[in-house]
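Mapped onto our numbering, the consecutive letters of the sequence shown carry residue numbers 7 to 151.
We put the CB at the ideal spot given by N, CA and C, even for glycine.
Since this is a predicted model, take the numbers as computed values, not measurements.
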Amino acid sequence: MKKDTVVLFVIVAALSALLMARGLGRKAQTPEVFADGYTLEAARSVSAETGKPLFILATADWCGPCQALKRGALTDAEVVAYLRDRTVSVYLEEGPNLAEIRSLGVRAYPTTLLMRGDETIGVIEGGAGPAEYLRMIRKSLGEPE
Numbered sequence: 007m008k009k010d011t012v013v014l015f016v017i018v019a020a021l022s023a024l025l026m027a028r029g030l031g032r033k034a035q036t037p038e039v040f041a042d043g044y045t046l047e048a049a050r051s052v053s054a055e056t057g058k059p060l061f062i063l064a065t066a067d068w069c070g071p072c073q074a075l076k077r078g079a080l081t082d083a084e085v086v087a088y089l090r091d092r093t094v095s096v097y098l099e100e101g102p103n104l105a106e107i108r109s110l111g112v113r114a115y116p117t118t119l120l121m122r123g124d125e126t127i128g129v130i131e132g133g134a135g136p137a138e139y140l141r142m143i144r145k146s147l148g149e150p151e
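The following block contains the structure:
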């Protein structure tokens, strides 16, 4: 029994090391949808001028699900096109944006917030595949499913 536990531990450790070596543990690039580089304050101004809601991603370098969301749903062409057409996007990374993240009441990473003015109209905690993520965003914005 003890020998089986040790063997299992060695296998898990080896697989973890392999995954890390292949780059799956590295920080993902900031997705294209955030290319405008708006601060929260600037995005609020643009949102007020255009009438588009805010799409805010609160994320952290060390967060595996955050990196998966940034490599997955947030690089999907349909998701990116939808967000660029209909929202003002803000990228808040833990560290430089911690005060803003806390002011928004974020409790976990990744958290997606959809806001109109100061009103939060949608919160998505965690990640999802492209189709499900887009469905949740559309629902938050009041679009029919």
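Per-residue DSSP class, three states only, for residue i
i	result
residue 44	coil
residue 32	coil
residue 97	strand
residue 60	strand
residue 143	helix
residue 108	helix
residue 122	strand
beta-carbon residue i near the ligand ADP non-hydrogen atom, thresh 7 angstroms
i	result
residue 150	For the structure depicted, the ligand ADP is absent and the ligand set is empty, with no information on it obtainable.
Residue j beta carbon less than 8 angstroms from that of residue i
i	j	result
residue 77	residue 34	yes
residue 47	residue 86	no
residue 72	residue 66	yes
residue 110	residue 120	no
Delimiting residues of the alpha helix (DSSP H) encompassing residue i
i	result
residue 90	83–92
residue 71	70–77
First and last residue of the uninterrupted beta strand (DSSP E) at residue i
i	result
residue 128	125–131
Assigned exposure category for residue i - 16 Cβ within 10 Å defines buried
i	result
residue 59	buried
residue 199	With the chain covering only 7 through 151, there is no way to say anything about residue 199.
residue 150	exposed
residue 93	buried
residue 51	exposed
residue 45	exposed
Cutoff 8 angstroms: residue i Cβ touching any chain B Cβ
i	result
residue 119	Here there is only one protein chain, and chain B is not present.
Stretch pair the region 97–106 + the region 135–146: three plus CB contacts closer than 8 angstroms: no
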